[in-house]
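Colleague: First residue of the sequence shown: -6, per my numbering; consecutive thereafter. Think of the CB as a built atom: it goes at the ideal place given N, C-alpha and C, for glycine as much as any other residue.
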Amino acid sequence: MKLNDDLGFHLLTKITSLFFNSFDAIQDLKDIPEKLGEEFYNIFLPDMAILNEKNNNDQSVKEIFKKKKPGFSEKNLTDVLYIHLPILKTEEGKEYNFYFFFQKGSCNQELIEFLNNEDFRKWIYNISQYLYSLLSFFKTMEELRFFFQSIINTLPEILIVINKDNMIHTWKDNTSITGFPSREGKNVCHILEGIDIEKIKEELRNLKLQGNGIIPVKREIEGFLKDANNIQKEIEADFSFFMDDHGQEYFIIIAKDISENKALQRELQKKNLELDQKNKKLEEYLDNYTKELKLASILQKRMISNQEKFYGEIKITTFYNPYEYVGGDYIGSLPVGDKLYFTLADVVGHGVFSAFYSSMYHSSFYNLAFYPENLEDFMKRIYQEFTSIMEDENFFTMILGTVYPKEKKIEFINFGHPLPVFYSNQNKEAQIGGEIHNKIISPLIPFETPKVNTLFYEKGDKLFIYSDGLIEQDKTKDDKMDNLNYQINTLVKSETGVSLAEKLIQAQFGEAEEQIFDDDMSLLILEF
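(1) Quick one: Cα of Leu268 to Cα of Glu285, how far?
(2) Quick one: using the 10 Å Cβ neighbour count with 16 as the cut-off for buried, is Gln480 buried or exposed?
(3) Check the DSSP bridge columns for Asp339 and list the partner residues they point to.
(4) Contact between the stretch 403 to 420 and the stretch 349 to 360 is defined here as three or more beta-carbon pairs at a separation below 8 Å; is this criterion met?
(5) From this set, Phe389, Val396, Ile518, Leu493, which residue's C-alpha is nearest Leu437's C-alpha?
(6) How big is the Cα-Cα spacing for Tyr397 and Gln499?
(7) Following the continuous beta strand (DSSP E) through Phe449, name the residue where it begins and the one where it ends.
(8) What ranges does the beta strand (DSSP E) occupy inside the stretch 424 to 463, keeping only unbroken runs of at least 3 residues that lie completely in it?
(9) If you draw a straight line from the C-alpha of Tyr359 to the C-alpha of Lys263, how long is it?
(10) Taking the alpha carbon of Phe371 as the reference point, which residue from Ile406, Asp331, Leu275 has its own alpha carbon closest?
(11) Between Lys401 and Tyr334, how many whole angstroms is the CB-CB distance? I'm expecting something under 8 Å.
(12) What would DSSP say about Val329, mapped onto helix, strand or coil?
(13) Going along the chain, which residues of its own chain have a beta-carbon closer than 6 Å to the beta-carbon of Gly427, five neighbours each way excluded?
(14) Considering only C-alpha positions, which residue in the set Gln419, Ile324, Leu393, Asp280 is nearest to Asn299?
(15) Just confirm the distance between the C-beta atoms of Tyr341 and Leu361, as a whole number of angstroms; I'd bet it's less than 8 Å.
(16) So Ala494 and Leu516 are supposed to be a Cβ contact under 8 Å. How far apart are they, rounded?
(17) Decide if Lys455 is buried, meaning its Cβ has at least 16 other Cβ atoms within 10 Å, or exposed.
(18) Indicate the three-state DSSP secondary structure (helix, strand or coil) for Ile554 in the structure shown.
(19) How is Tyr350 classed by DSSP in three states: helix, strand or coil?
(20) State the DSSP-derived secondary structure class of Ser515, mapped to helix, strand or coil.
(21) Taking buried to mean at least 16 other C-beta atoms within 10 Å of its own C-beta, is Ser435 buried or exposed?
(22) Ile309 lies in the alpha helix (DSSP H); which residues open and close that run?
(23) Determine the direct distance from the alpha carbon of Phe312 to that of Ile425, and round the result to whole angstroms.
(24) Among Phe408, Gly453, Glu386, Gly462, which has the Cα closest to the Cα of Leu368?
(25) Classify Ser492: buried if its beta carbon has 16 or more other beta carbons within 10 angstroms, exposed otherwise.
(26) Taking 9 Å as the threshold (C-beta atoms), are Leu337 and Met391 in contact?
(27) Do Asp475 and Gly321 have their CB atoms nearer than 9 Å?
(28) For Thr489, name the three-state secondary structure that DSSP assigns.
(29) Using only CA atoms, which one of Glu277, Lys421, Asp280 lies nearest to Ser487?
(30) Starting from Asn407, follow the beta strand (DSSP E) in both directions and report where the run begins and ends.
(31) Just to confirm the assignment, what range does the alpha helix (DSSP H) spanning Lys473 have?
(32) Rounded to whole angstroms, what's the CA-CA distance from Ile458 to Ile518? Just pull it up for me.
(33) Go ahead and label Pro174 buried or exposed: buried means 16 or more other beta carbons lie within 10 angstroms of its beta carbon, across all protein chains shown.
(34) Does the Cβ of Gly394 have 16 or more other Cβ atoms within 10 Å, making it buried, or fewer, making it exposed?
(35) Let's test the definition: count the other Cβ atoms within 10 Å of the Cβ of Asn431 and tell me whether it reaches 16, buried, or not, exposed.
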């Protein structure tokens, strides 16, 4: 035992601060001098104790104490005693000293005799060995600093150590192992007061250890800890299991105040419940909406079906595949007297909104049967009807035409729509039919008298009118119109009617295993 040596100081790990920062164990040290005799009653007790590596750094006692006791007056410069502990060594072979700090002048011969007493030294060796076993274990855990930070900063928190025989370490001469001053923390004796130790041991026996992982303790133990300490807060307890360098096995129970977390958890559960209820409502709305869409799809298919029909010698084929349940394309043909009206319209967008406009157009188109008009007058009326209810961002494109079988003549108006493909049977060649475009139908574009395209046909010729969805399905890098013409030239040799429409659409997909439409797709074929 040496007095007031200059010491090298290196804080090994925060566990020394955790266990001995306020050194609550000094309260329990009073029991030792009482056992040793009355001559030790009036000795001064240490102000602080540190278990630290022995080293030779040139750093004074004054600097050491300043680090451990900020704000301590230099007038009360401390005396230092230490016990050398050769039985404790680091991995590098360094040994440990146990340092005691006293206020200057309080370290007298009686105190030195007391600290050299065999019982006291035995206690020091035991607690030092225990601390070292904790140090060697915790030093290997990266999460150590988070573990200690939470213990130091959260009150109340409780740390209990239990060995492999389920015996709880309740050394009265140990420490207040919460690491807090006695007025704030509780030592082991206070922690265990009123707790049924046998029940805790029974709980421990029932635990199945899983490596060194933390195992949640049962709620009974949490209740014991809470009731025994009269804590009016939410307590959560966890077990940790480890083995020290000497083969001694330990449990550590950590009890934390989780009142704030519990309050947040309850609030989160409440919000989740409300969210679940809203999600169920949304699911109901979605189910009802889907059912209505399916019904609307059936009705639209009745209005626009994939079929073949004849007007005289003209075969009329319609094929329609909406992107969703319902779509915004409309295909129609209507014989009136000695002529045949035909049309294909494409309303921007998909779904119910577009389907509504296509239904409106269906009604207007069929009015031609009762009020025959020339194409220009009909389109002027359509423009007025639709733009009066459209939003500015809405628009649609369309082709409206008339076939005059006696004259073998086709007249059609194109409002911003892809031009049709005309297949000449005589030339065995498909090419774009017509040249004149008119503007799309939109509230932002004033109506202008449309220009009319005129074509003449012969027997065996074909006219293909389609929505832009057909072109967009073409995944080739070549010119899409050239590719469409090529596919038509190839298919008309062997196909007709609905089969021709289906094969043409398949050809536009190339070799794709699965046909995934990303737009409404409609096709009207007139075969003369």
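Modeller: So, from the listed chains and residues:
(1) 25 Å
(2) buried
(3) Asp322, Thr390
(4) no
(5) Phe389
(6) 32 Å
(7) 446 to 449
(8) 446 to 449, 455 to 459
(9) 57 Å
(10) Ile406
(11) Not really, about 17 Å apart at Cβ, beyond 8 Å.
(12) strand
(13) Leu412, Asn446
(14) Ile324
(15) Reading off the sequence shown, one finds Val at residue 341, where the question assumed Tyr. Rounded, the Cβ-Cβ distance is 24 Å, inconsistent with contact.
(16) 5 Å
(17) buried
(18) Any question about residue 554 goes unanswered here, given that the chain covers just -6 to 521.
(19) helix
(20) strand
(21) buried
(22) Note, Ile309: premise wrong, no alpha helix (DSSP H); beta strand (DSSP E) at 307 to 314.
(23) 20 Å
(24) Phe408
(25) exposed
(26) yes
(27) no
(28) coil
(29) Lys421
(30) 402 to 408
(31) 473 to 484
(32) 6 Å
(33) Per-residue confidence for Pro174 stands at a pLDDT of 34, beneath the threshold of 50, marking its modelled position as unreliable; the derived number appears in the next sentence. Exposed is the call here.
(34) buried
(35) buried
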